[in-house]
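Undergrad:
Numbering (my numbering), first residue to last: 2 to 91.
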């Protein structure tokens, strides 16, 4: 049986970037993951609900707008697949 994180990897196996977004108004803060694929499609997943997909869009801009509409704020930084591959090869 795959873990929730492994299920996410199976759903988006061509990911290119991951961003964390937070709703700072509620406590504890609600966290969402924006995952962008090499095919330009982006999804928003909820880590606290076994990475349930909340939104699937055809572009980063669509996913970004969805998060901003609900007043989420991006956590500084971005994880890039190309950086992970580079770390594994060192």
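For every residue, glycine included, the Cβ atom is placed at its ideal position computed from N, Cα and C.
#1: Tell me whether the stretch 47-61 and the stretch 71-84 touch, counting them as touching only if at least three CB pairs, one residue from each stretch, are closer than 8 Å.
#2: From 45, 50, 71 and 53, pick the residue whose C-alpha is nearest to that of residue 20; which is it?
#3: Taking the continuous alpha helix (DSSP H) assigned at residue 62, which residues delimit it?
#4: Less than 7 Å between the beta carbons of residue 16 and residue 68, yes or no?
#5: To the nearest angstrom, how far is it from the Cα of residue 48 to the Cα of residue 32?
TA: Judging by the given coordinates:
#1: Between the stretch 47-61 and the stretch 71-84, the count of C-beta pairs closer than 8 Å stays below three; the two stretches do not touch.
#2: Ranking 45, 50, 71 and 53 by CA distance to the CA of residue 20 puts 45 first.
#3: That run of the alpha helix (DSSP H) goes 61-70.
#4: At the C-beta level, residue 16 and residue 68 stay beyond 7 Å of one another.
#5: C-alpha separation (whole angstroms): 7 Å.
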